[in-house]
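Taken in order, these protein sequences are the chains called A and B. Using the numbering used here, you'd call the opening residue of the first sequence number -15 and step up by one each time. Using the numbering used here, you'd call the opening residue of the second sequence number -15 and step up by one each time. Presented below is the structure to which this report refers.
2 protein chains.
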Amino acid sequence: MPPPLTPVITVFERSPDCGTGLARDMRVRWALEEVGQRYEVRPVSFGAMKEPAHRALQPFGQIPTYEEGALALFESGAIVLHIAEHHAGLLPEEPNARARAIAWMFAALNTVEPPILEHQNAVLLEADKSWHDARLPLLEDRIRERLGELADRLGNVDWLDGAFSAGDLMMVSVLLRLRESGLLEEYSSLCAYVARGKARAAYKRAFAAQLALFLGKPPAGW
Amino acid sequence: MPPPLTPVITVFERSPDCGTGLARDMRVRWALEEVGQRYEVRPVSFGAMKEPAHRALQPFGQIPTYEEGALALFESGAIVLHIAEHHAGLLPEEPNARARAIAWMFAALNTVEPPILEHQNAVLLEADKSWHDARLPLLEDRIRERLGELADRLGNVDWLDGAFSAGDLMMVSVLLRLRESGLLEEYSSLCAYVARGKARAAYKRAFAAQLALFLGKPPAGW
């Protein structure tokens, strides 16, 4: 059998975020839409995700994965970078600007997202613990430190370093996880930054596609 | 003035890890040693790290940064990737294997390191809290889940995907942060994996250099 020409990504069969676009396949969908690459989705149940067949693709039993011919990848950061390297539109051509855009991808995933994940774990996994209420302000302050630094760097420009890049795609995606915390609203420039990301046609198409899957109907145009 | 030909990295003037190699400049030093690239270090004090001059290089007021001619980068993951892309020795040449090695870098930084950082925050920032002792087992179990999955994938081979790569460099660096937790010792194959990383000549040279800085003397051969 010849390898598929269209990339296939795995997504939650029924996303725990109820189609609000916080699952990590959204980052990959958005990147694919930005570069105009068609893709197919293969929904995976929570049970199947932890089975050997899926773990062969994703050792940690998560989504998304990305298959394109003989290539199988995991980690949304790596997948977005792969897409960005193989299509125009998500990384600058000038080598130094390209390296800086990639640095912002890592900053999103390894500097800004960890305190957000820690906060999310407290809300999702420790809500019934005696320390929950007392701990939350500490976690919020750790996030505020990062948001303040990010807002200082962003200043009053539209994107982190020149034109919109994979770095912005990843940073906006990470900041979106703060939605229910109310913390983003303390930084008006970051709210506007996230809003600019969500206003992009590619984001909207990706969002519609993952919501349609959750609601059980294909998006218009499929 | 012509741009410097030798890359310059910033490091802690006096590392809070007391020269045990856990500061993130170690990841960059190791990568530079693997590819045989000479480099210079510029120590930065805790105070200077939070000043505008350093934040212009590193918006979050951290180390390391990397300057090479007109290029200024931050985020150890991005710096290691940049080094790996511009020298032989840290990424396979075959494109799919190269993409998979990069995926392991992201897995180290965005899947394996976050629960380790959460545990570290509990130890460093919440040791005086009433919940400290009760919470630690929860955090340890979150780490064990990842370690078990990683050990399953590694199996009985030396490195995560073929030859040693930037993915292994980053994963070993992340696992080293578990040293004082005792958790790594529950997974003999991961202990051996980390030991293989530490046994590399490049690791040893990088470790000696950062320790020498902490101890206030240059390593032999400088």
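Beta carbons are placed, not taken as given, at the ideal position from N, Cα and C, and that holds for glycine. From a predicted model like this one, the values you see are computed outputs, not experimental measurements.
ask   = Considering B:F58, what are the terminal residues of the beta strand (DSSP E) in which it resides?
value = Translated into the one-based positions of the second sequence, residue 58 of chain B becomes position 74. From DSSP, the beta strand (DSSP E) with B:F58 extends over 55 to 58.
Interface partners of A:L65 on chain B, CB under 7 Å = Position 81 of the first sequence, counted from the first residue, corresponds to residue 65 of chain A. What A:L65 touches in chain B: I86.
ask   = Is B:D136 close to chain A, meaning its C-beta is less than 8 Å from at least one C-beta of that chain?
value = On the second sequence, residue 136 of chain B is found 152 positions in, with the first residue counted as 1. It does; some Cβ of chain A falls within 8 Å.
key: Which residues DSSP lists as bridging B:F(-4), in chain order   = Here residue -4 of chain B corresponds to residue number 12 of the second sequence, with the count starting at 1. Its beta-bridge partners are B:V28.
request  = Counting only the same chain and skipping the five closest in sequence on each side, list residues whose C-beta sits under 6 Å from that of B:E51.
outcome  = Within the second sequence, numbered from 1, the residue matching residue 51 of chain B stands at position 67. Only residues of its own chain outside the window of five on either side were considered, and among them V(-8) have a CB closer than 6 Å to the CB of B:E51, listed in chain order.
query = The beta strand (DSSP E) with A:Y50 in it runs from where to where?
reply = Stepping through the first sequence from its first residue, residue 50 of chain A is reached at position 66. Start and end: 49 to 52.
key: Meets three-Cβ-pair contact criterion under 8 Å: the region 122 to 133 of chain A and the region 176 to 191 of chain A   = In short, these stretches do not touch, since the Cβ pair count stays below three.
query = Taking the C-alpha atoms as reference points, what is the distance between A:V158 and A:N94?
reply = Numbered from 1 along the first sequence, position 174 holds the residue referred to as residue 158 of chain A. Numbered from 1 along the first sequence, position 110 holds the residue referred to as residue 94 of chain A. Put simply, the backbone Cα of A:V158 is about 10 Å away from that of A:N94.
Short-range partners of chain A found in the region 83 to 109 of chain B, where Cβ spacing is below 9 Å = Answer set for the region 83 to 109 of chain B: A83, R84, I86, A87, W88, M89, F90, A91, L93, N94, T95, V96, E97, P98, P99, L101, E102, N105, L109.
key: From A:I100, A:A56, A:F90, A:P0, residue whose alpha carbon lies closest to that of A:S165   = In the first sequence, residue 165 of chain A corresponds to position 181, counting from 1. A:S165 has its Cα closest to that of A:I100, out of A:I100, A:A56, A:F90, A:P0.
task = Please determine, among B:R161, B:T(-6), B:K201, B:A62, the residue with the shortest C-alpha to C-alpha distance to B:E97.
result = As a first step, residue 97 of chain B is located in the second sequence; it is residue number 113 there, counting from the start. Minimum Cα distance to B:E97 is reached at B:R161.
message = What are the residues in the region 13 to 45 of chain B lying within 8 Å of chain A by C-beta distance?
response = So the close ones are R39, P43, F44, G45.
ask   = For A:R119 and chain B, any beta-carbon pair shorter than 8 Å?
value = As a working note, residue 119 of chain A is residue 135 in the first sequence. Residue contact with chain B for A:R119: present (Cβ-Cβ distance below 8 Å to some residue of chain B).
Endpoints, alpha helix (DSSP H) assigned at B:R119 = In the second sequence, residue 119 of chain B corresponds to position 135, counting from 1. From DSSP, the alpha helix (DSSP H) with B:R119 extends over 116 to 138.
inquiry  = Rounded to whole angstroms, what is the Cα-Cα separation between B:F(-4) and B:A118?
reply    = Taking the second sequence and counting its residues from 1, the one referred to as residue -4 of chain B is at position 12. Taking the second sequence and counting its residues from 1, the one referred to as residue 118 of chain B is at position 134. Going from the Cα of B:F(-4) to the Cα of B:A118 covers about 33 Å.
request  = Report, in whole angstroms, the separation of the C-beta atoms of A:V64 and A:A150, which I expect to be a contact under 8 Å.
outcome  = Here residue 64 of chain A is taken as the residue at index 80 of the first sequence, counted from 1. Here residue 150 of chain A is taken as the residue at index 166 of the first sequence, counted from 1. With a beta-carbon spacing of about 6 Å, A:V64 and A:A150 fall inside the 8 Å limit used to define contacts.
query = Roughly how many angstroms lie between the CA atoms of A:P0 and A:V156, to the nearest whole one?
reply = To locate residue 0 of chain A, count along the first sequence from 1; it is residue 16. To locate residue 156 of chain A, count along the first sequence from 1; it is residue 172. Cα to Cα, the separation comes out at about 20 Å.
ask   = Going by beta carbon distance, what residues of the same chain come within less than 6 Å of A:A56, once the five residues before and after it are set aside?
value = Position 72 of the first sequence, counted from the first residue, corresponds to residue 56 of chain A. The residues are L41.
task = Kindly indicate which residue of A:M33, A:R128, A:A81 has the alpha-carbon position closest to the one of A:G45.
result = For this step, residue 45 of chain A is matched to residue 61 along the first sequence. Restricting attention to A:M33, A:R128, A:A81, the CA atom closest to the CA of A:G45 is found in A:M33.
Classification of A:R84 by the beta-carbon crowding that lies within 10 angstroms, buried from 16 upward = What you label residue 84 of chain A is simply residue 100 of the first sequence in a count that begins at 1. Using a 10 angstroms sphere on the CB of A:R84, the tally of other CB atoms reaches 16 or more, which defines it as buried.
message = Let's see if you can read the secondary structure: which residues bound the alpha helix (DSSP H) around B:E158?
response = Translated into the one-based positions of the second sequence, residue 158 of chain B becomes position 174. Going by the sequence as given, residue 158 of chain B is Val instead of Glu. From DSSP, the alpha helix (DSSP H) with B:V158 extends over 150 to 160.
message = On the CB-based measure, 16 or more other CB atoms within 10 Å of its CB, does B:L199 come out buried or exposed?
response = Looking up residue 199 of chain B in the second sequence gives position 215. By the Cβ neighbour-count rule, B:L199 is exposed, with fewer than 16 other Cβ atoms within 10 Å of its own.
query = Where does B:K34 fall in DSSP's three states?
reply = Mapped onto the second sequence, residue 34 of chain B falls at position 50. Correct three-state label for B:K34: coil.
Limits of the unbroken alpha helix (DSSP H) element including B:A92 = Mapped onto the second sequence, residue 92 of chain B falls at position 108. Looking at the DSSP string, B:A92 is not in any alpha helix (DSSP H), and its letter there is neither H nor E.
query = chain B partners of A:R130, CB-CB under 9 Å?
reply = The residue labelled residue 130 of chain A in the question sits at position 146 within the first sequence. For A:R130, the chain B residues whose Cβ falls inside 9 Å of its Cβ are F44, in order along the chain.
ask   = Using a Cβ-Cβ cut-off of 6 Å (strictly less than) and excluding sequence neighbours within five positions of A:T49, which residues of its own chain qualify?
value = Residue numbering aside, residue 49 of chain A sits at position 65 when the first sequence is read from its first letter. Only T(-6), L41, Q42, F58 meet the Cβ criterion.
Residue closest to B:T(-10), alpha-carbon to alpha-carbon, out of B:Q21, B:D9, B:M10 = In the second sequence, counting from the first residue as 1, residue -10 of chain B sits at position 6. Minimum Cα-Cα distance from B:T(-10) among the listed residues B:Q21, B:D9, B:M10 corresponds to B:Q21.
query = Does B:A61 have its Cβ less than 8 Å from a Cβ in chain A?
reply = In the second sequence, residue 61 of chain B corresponds to position 77, counting from 1. A small fix is needed here, since residue 61 of chain B is Gly in this sequence, not Ala. Output row for B:G61: interface = yes.
task = Count the other CB atoms, across all protein chains shown, that sit within 10 Å of the CB of A:R(-2); report buried if there are 16 or more and exposed otherwise.
result = Position 14 of the first sequence, counting from 1, holds the residue named residue -2 of chain A. Exposed is the call here.
Three-state secondary structure assigned by DSSP to B:G181 = What you label residue 181 of chain B is simply residue 197 of the second sequence in a count that begins at 1. Correct three-state label for B:G181: helix.
inquiry  = Determine whether the beta carbon atoms of A:E110 and A:H116 lie at a separation below 8 Å.
reply    = Stepping through the first sequence from its first residue, residue 110 of chain A is reached at position 126. Stepping through the first sequence from its first residue, residue 116 of chain A is reached at position 132. For A:E110 and A:H116, yes; Cβs fall inside 8 Å.
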